[in-house]
Each structure stands twice: as C-alpha cells, then as structure tokens.
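Novice: Quick one: this structure, given as structure tokens, is what I'll be asking you about.
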Amino acid sequence: MTFHGTLAELQDLLRTLEVPCHWEHMGPFEMAVIDDGVSNLRLNWWPATGDLQLTGEPAQREPLLARLQAAL
C-alpha cells in the first residue's frame with residue numbers, strides 16, 4: 136500500500152476515517168500510534184517512497200487495512 140501525498144494529507148485521511156491516533160517522527164518514517172485503548176496498531180509511512188505499513192494484531196489490523204485501502 137502506498138500514499139504519495141503529504142503528512143498533513145495522511146493525517147486528514149485518518150481523521151476522516153475517524154481513527155484516533157497520535158503521530159511520532161521516527162527518522163526516515165512517520166508513525167501513527169492508534170489510540171483506541173484496545174489495539175496495538177501502528178501505521179508506518181515512509182515519505183520518500185510512499186510506502187505504508189499497518190502493523191499489529193491481525194484481527195484488529197484487517198478491518199482498518201480494508202478501510203484505508205478503500206480510502207486511498
């Protein structure tokens with residue numbers, strides 16, 4: 136999965152999808168830590184390549200992954 140916009144655009148996309156999160160700068164990538172109180176999901180984005188990676192428990196990850204793919 137890829138996203139070739141800006142960080143602000145990706146942040147807006149997650150807000151539109153009503154995904155509660157906070158962002159952390161991790162050197163070469165940006166990480167959205169999902170703040171839902173239940174999961175350990177993280178969305179990693181590498182601006183240089185546009186690569187997006189959603190990590191965490193598969194049962195919790197798959198529904199959000201489908202929503203993200205549909206929105207992109």
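Be aware that the sequence shown starts at 136, since it is given in the working numbering, and climbs by one per residue.
In this text, a Cβ means the ideal position worked out from N, Cα and C, and glycines have one as well.
(1) From E144 to L207, what does the alpha carbon distance come to, in whole angstroms?
(2) What residue range is occupied by the uninterrupted alpha helix (DSSP H) comprising D170?
(3) Report the option in S174, F164, T137, P182 whose CA atom is closest to the CA atom of R196.
(4) Alpha carbon to alpha carbon, how far is D147 from G172?
(5) Distance check for W181 and T151, CA to CA, integer angstroms please.
(6) Roughly how many whole angstroms lie between the Cα atoms of M136 and L199?
Specialist: Quick look at the numbers:
(1) If you take the alpha carbons of E144 and L207, they lie about 11 Å apart.
(2) Note, D170: premise wrong, no alpha helix (DSSP H); not H, not E.
(3) Closest by alpha carbon: S174.
(4) Cα-Cα distance, rounded: 21 Å.
(5) 21 Å
(6) Spanning the alpha carbons of M136 and L199 requires a straight line of approximately 13 Å.
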